[in-house]
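Residue numbers (the working numbering), protein chains in the order written: chain G, 1 to 162; chain C, 1 to 258; chain X, 1 to 714. Cβ coordinates follow ideal geometry from the N, Cα and C atoms, glycine included. Below is one structure, written out as structure tokens; the observations come after it.
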Amino acid sequence: MRVAFILNGDDVIAKVRSGDRLVDLLRESYGLLGGCADCRKGSCGKCLILLDGRTVPSCLVPAFMATGREVITIEGFAQTDEYDDIVKGFDEAGLETCGFCDAGRILAAATLLERKPRPSPEEILEELDSVKCRCADPVLIVRGILAAAEHRARRLYHRAGK
Amino acid sequence: MLKSHPKALLYAGGTDILREKGSRFAAFPAEIIVVSRLNELRQVVLTERFIELGAAITMAEILELRENAVPELLALALRGLATPAVRNLATIGGNLACSSRFLDSWPALACLDALVEIRDAGSSRWINVSRLADENGLPALPYGCVLTRLRIPLEPWDAIALRKVGNANYPSRDGAVFALAARSEKGILTEFRLAFAGQKALRLREIEGKIVGRKLPLGKKERESFASEYREAASPLDAKLRFRFGALVDGALDLLSR
Amino acid sequence: MALRRDRAEIESSGTSLSDLEFEGMVHVATLRSPVSRGSVKEISTRKLPKEYRLILPNDIPGANRILSFGAEIPLLASASISYRGEPIGLVAGPDPVLAAEIAAEATIVCDEEDPRFSWESFSSDQVRAKRVAVMGDPDLAFSIAATVIEDTFSSGCLEHFYSEAQGALALFDYDKMAIYCATQWPYHVRESAALVLGCKSEEVVVRPTPLGVHLDGKLWYPSFLACHAVLAARACKKPAKILLTREEDFRYTPKRARSSVALRAATDPAGRLSAVDLRIALNVGAIGPLAEEILTQTCIAASGTYDCANIRVEGYAVETNTLPLGAFAGLGASHSFFALETASSRLAETLGEDPMDWKAKNILKKGSRLITGEILHEEPPYAEISERLCHASDWRRKYACYELVRKRRSGRADGPLRGIGFAFAYQGAGAPLSGETPSGYSVEVVLDMELSCTIKTSAAASCGSTRRKGAGRVESRDGLADIWRGTAADILGIEIGSVCIAPPDTDSTPDSGPAVLSRGISVINRLIERACNAIQKRRFRDPLPLSSKSIYRQPKPIRWEDGSVAGSPFGSAAWGGTIVELELDPWTFEPKPLGIWICAEGGTIASVARAESALRRAAVDALGSCLRESLDFEDGEIGVHSYFEYGILGSQGLPPLFIDLLVGKRKASPKGIGELPYDTVPAAFLSALSQATGSAFSSLPLSSERLFKAMEET
């Protein structure tokens, strides 16, 4: 079947089988390797993408469910100012990760900050529970996202000032 | 659509479906009907007395409804479910309609005496959520039927409790969810509802009927008697869960004793 | 296939194994034994499509085995199957889904024998390794003891849940077989592949991919899979990749060994520890690679951190017909510490003493004799660590209060059940392992004419936390690599930015041994120091570029003979204590941690922030092993349910974590501290639970029936 959707801002049409998962379509047909096809049960969060603005585990989304929707992967998100805010925040906090779970963590942080520009530590830990990896230090995750929130707020303030 | 495609798979959130199919390629039936964006399955109607939710509304969307629109007991159940990312996909209808076991929302909805609209090719009717379990406590959504709406009464409660027990990873063999809702007036217990579900579901109205109308706090003998009745009635559950159920009931009755 | 360009790109971009693709690549699926013990009679598959190959033991040109830490591991089992799920054949082809289907549908006929799953009681032919050591006269001490406690402490299997499932990719690269895989020991991969191919080691090159978190689960298994990839590449004459699904990895790759420690401990009338007797059984699964090391470490840790004149330890590594079980965040000391620290808290309680005080009375001191005969040359920093922990956690008040409440409570109305527990342990580093390269490991340092320094070590394969920006470039930030670079920069007097770590492929870097037991800190860093010092000596005399190779001579392995053990178990030891406070949910009685406090002494600490972070992460993992992580074997195999039910802790619902590091007082080399939480959190947790419930617990994972039984008795 053919599936037409918006992928990182571009209109695309993909040929898929009904049982293909979105994570595999993105990785194999589009070379978008930022997300990992790991647990395939929606628990590790390494395959998170934004589907119509919400983080979802793409291993639990059949490719056909992308029809008519907007998909943003970490590659697309990496072109945004919000991405820079988050990476800066993580760097400031000294958050070091294994590298395999970053995409999910960044996207989860992004949707949280969009919804809650000044999240509390509890809200941060709740949202970031979508990504489970042994590399993560919860204290630095909180610090990183609070720092990212600060960068975001300053950027939006300056933009508003212009 | 159901009439002309009786064997089609209805697909909304699909988290349970794809999760169970662990392999890379998920073998789906030849016909799939995607219902996740059907307007009639995504309506929210809020009145003073109830809230009505379309079955294709996701858990996350329910939690984002304005404060007090969703009963706290249901919100507690949904907040404890999976992860925020999965809640962005999983639908309330899918959660209730699982055929292999009961998932997180059933106990809370059973306590709230929620109604569900069941439709098949020819008709539709409203039934109490408790009737999604048969007399053996097993899932009993009739074959060929679709769950389309929920109607949840909005009532004030003096005490609510929700606990997940067993393996927290879902769905697990020994996992279950316990829900309690109680209300009193002038020292008399006017409502007491207790539901428990995992592989099997329990809502014991007869015992609830005996507890309602009692004066609070419950005395020691009353508590022990009810606890014993509950334990006996829990025999359909497997031994591990019976244990846990017993402890939860003790906790619930203890609440009424203070 | 423009291989040279791909390779450079792969190395500079830090591409992980999951993301590696080569043109024409085939995917490898594994045929697995359906029986736990027996032999293969016949394997047949459907008619294979043109580009697909079935690879069986007869297709192996060299040896049908790899060697690992004293064990011979069959590559494709045939005459002797040791566990259900053991690889017996491979299918390789362009479509991974089809290859997996062909493998799953294969007809496998076996002669089945009775499997052996029992390990707490076992037959002599199951014994893979045995260790016995006696110090003093434990029998006499027990006979005159004032107090004796006795119990069996058991801990279950754990899943590493490393960052990436196991796998490998092999391809012909001109005259060599090139292997990409994530491994703690690239040279082991090389030697194994050479053995299987029947070629010289130099004809194989290993190019490590990012390793991520490994928890010691990638010491030898990557070599095993690399050989499978190599066989497929050879058979198909194409690049071949084997990448296990997470489910397959969970069910068929090595897990943490299970342990059962039967412990007796005695005190004299003054409450001083007078005797310890441990009988240790370790279930090392089939074949038992690393069995000797794990048993050695478990037995060496037998007396824990206590000064005791009479110790007996008898340990067995027992083979069973389940998948190989082995290392997990260290090589076994955690089994002993779990038993000892839980028991010591219980002893203290029996004597009516605060565990902190009891341990203070009995802790090792400078001049104490260890079970290996060694004399301890430095005072363990127990006093300082315990004092800081006491202060931070309000231990004294809480312990006394919870004791009082426990003794006087009459029912639920008395409030939630709470407890607080404490454990103290050490983490040894730099221990020699049996079966290692006799010529020793080395590190090379090069200082070029621009005063840029390159550190060459195969141990760099275990470095590198990488940010996958998803836009091409990847940065590499890693605490260990920064320590190495800092060491070189300090000695050579150059900017740290001028020091780089060479990509750790086996053609460009020397064999620095397996990245295990904190060798990165205790061994590699010292070798870098030595090499840099050698350059510094020649620098103003000889022209640049200069290079120096520093060779590590392993200390003599520990000798076990005639009931005694001798030798120096570690190059260095870091010390640490943990306090866990918890509360039981009054409805479910499930333990809910309220706080974890950790204080550690790790010598000179290059980055306090990184060390604290490492301890926090390890504490979360260790807590997960107490609360949630457990897996079951059914008929010798890990069931599919276990895969769905197993989960590591996420970020939500964690207790506050307080980390305190002793820094600055000692001019010591850096020491590894990352395993300390695994050595201490479980015992502290169980001790807290015991106080909360008034019931003695002695095994993890917790069984809910056991917990409820304790609650009913309470």
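Backbone secondary structure at residue i - three-state DSSP
{"i": "I73 of chain X", "result": "strand"}
{"i": "L10 of chain C", "result": "strand"}
{"i": "K592 of chain X", "result": "strand"}
{"i": "S625 of chain X", "result": "helix"}
{"i": "P677 of chain X", "result": "helix"}
{"i": "A600 of chain X", "result": "strand"}
{"i": "Y552 of chain X", "result": "strand"}
{"i": "Q587 of chain X", "result": "In the sequence as displayed, the identity of residue 587 of chain X is Trp instead of Gln. W587 of chain X: coil per DSSP, three-state reduction."}
{"i": "R155 of chain G", "result": "helix"}
{"i": "Y143 of chain C", "result": "coil"}
{"i": "F25 of chain C", "result": "coil"}
{"i": "W106 of chain C", "result": "helix"}
{"i": "W358 of chain X", "result": "helix"}
{"i": "S68 of chain X", "result": "strand"}
{"i": "G472 of chain X", "result": "A caution first: G472 of chain X carries a pLDDT of 46, below 50, which makes its placement in the model unreliable, though a value can still be read off. Of the three classes helix, strand and coil, the one that applies to G472 of chain X here is coil, per DSSP."}
{"i": "F644 of chain X", "result": "helix"}
{"i": "L615 of chain X", "result": "helix"}
{"i": "R87 of chain C", "result": "helix"}
{"i": "R234 of chain X", "result": "helix"}
Bridge partners - residue i, DSSP secondary structure assignment
{"i": "Q427 of chain X", "result": "X:A574"}
{"i": "L243 of chain X", "result": "X:G167"}
{"i": "T55 of chain G", "result": "G:L50"}
{"i": "N128 of chain C", "result": "C:L115"}
{"i": "C110 of chain X", "result": "X:V40"}
{"i": "A227 of chain C", "result": "Answer by DSSP bridge pairing: none, since A227 of chain C is not bridged."}
{"i": "K255 of chain X", "result": "X:L325"}
{"i": "M135 of chain X", "result": "X:I311"}
{"i": "T267 of chain X", "result": "X:T147 and X:L273"}
{"i": "D660 of chain X", "result": "X:C599"}
{"i": "H721 of chain X", "result": "Lying before the first or after the last residue shown, residue 721 of chain X is absent from chain X, which here runs from 1 to 714."}
{"i": "C453 of chain X", "result": "X:L447 and X:V499"}
Anticipated Cβ contact below 8 Å, residue i with residue j, distance rounded
{"i": "A257 of chain X", "j": "L282 of chain X", "result": "5 Å"}
{"i": "I420 of chain X", "j": "Y441 of chain X", "result": "That pair is no contact at about 44 Å."}
{"i": "H214 of chain X", "j": "Y174 of chain X", "result": "No, H214 of chain X and Y174 of chain X are not in contact; Cβ-Cβ is about 31 Å, not under 8 Å."}
{"i": "S130 of chain G", "j": "G45 of chain G", "result": "5 Å"}
{"i": "F328 of chain X", "j": "I638 of chain X", "result": "Not confirmed; about 15 Å, so no contact."}
{"i": "W395 of chain X", "j": "I579 of chain X", "result": "6 Å"}
{"i": "I88 of chain X", "j": "I43 of chain X", "result": "7 Å"}
{"i": "V177 of chain C", "j": "K164 of chain C", "result": "5 Å"}
Enclosing alpha helix (DSSP H) for residue i [first to last residue]
{"i": "K218 of chain X", "result": "From DSSP, K218 of chain X is part of no alpha helix (DSSP H); its letter is neither H nor E."}
{"i": "M711 of chain X", "result": "S704 to E713"}
{"i": "N283 of chain X", "result": "Run containing N283 of chain X: none in the alpha helix (DSSP H); it sits in the beta strand (DSSP E), L273 to G285."}
{"i": "D250 of chain C", "result": "A239 to L256"}
{"i": "G486 of chain X", "result": "G479 to L492"}
{"i": "R397 of chain X", "result": "W395 to R408"}
{"i": "Y83 of chain G", "result": "D81 to A93"}
{"i": "A534 of chain X", "result": "N525 to R539"}
{"i": "I106 of chain G", "result": "D102 to R115"}
Endpoints, the beta strand (DSSP E) within which residue i is located
{"i": "P121 of chain G", "result": "Per DSSP, P121 of chain G belongs to no beta strand (DSSP E); it is in the alpha helix (DSSP H), P121 to E127."}
{"i": "M177 of chain X", "result": "K176 to C181"}
{"i": "E185 of chain C", "result": "A176 to E185"}
{"i": "D163 of chain G", "result": "There is no way to answer for residue 163 of chain G, as the model of chain G reaches only from 1 to 162."}
For the region 220 to 253 of chain X, which residues have a beta carbon sitting closer than 8 Å to at least one beta carbon of chain G? Against chain G - using a Cβ distance shorter than 8 Å - the residues of the region 220 to 253 of chain X are T245, R246 and E247.
At a CB distance below 9 Å, what residues from the region 557 to 591 of chain X approach chain C? Give them in sequence order. Cβ contacts with chain C come from D585, P586, W587, T588, F589 and E590.
Taking a Cβ distance cut-off of 9 Å, strictly less, list which residues of the region 117 to 145 of chain G are near chain C, in chain order. Listed by position, the residues of the region 117 to 145 of chain G near chain C (Cβ gap below 9 Å) are E126, E127, L128, D129, S130, V131 and K132.
When you check each C-beta in the region 24 to 49 of chain C against every C-beta of chain X, which residues fall closer than 8 Å? Listed by position, the residues of the region 24 to 49 of chain C near chain X (Cβ gap below 8 Å) are R24 and F25.
Determine which residues of the region 629 to 650 of chain X have a Cβ less than 9 Å from any Cβ of chain C, and write them out in chain order. Those residues of the region 629 to 650 of chain X placed with their C-beta closer than 9 Å to a C-beta in chain C are S630, V640, H641, Y643, F644, E645, Y646, G647 and G650, ordered along the chain.
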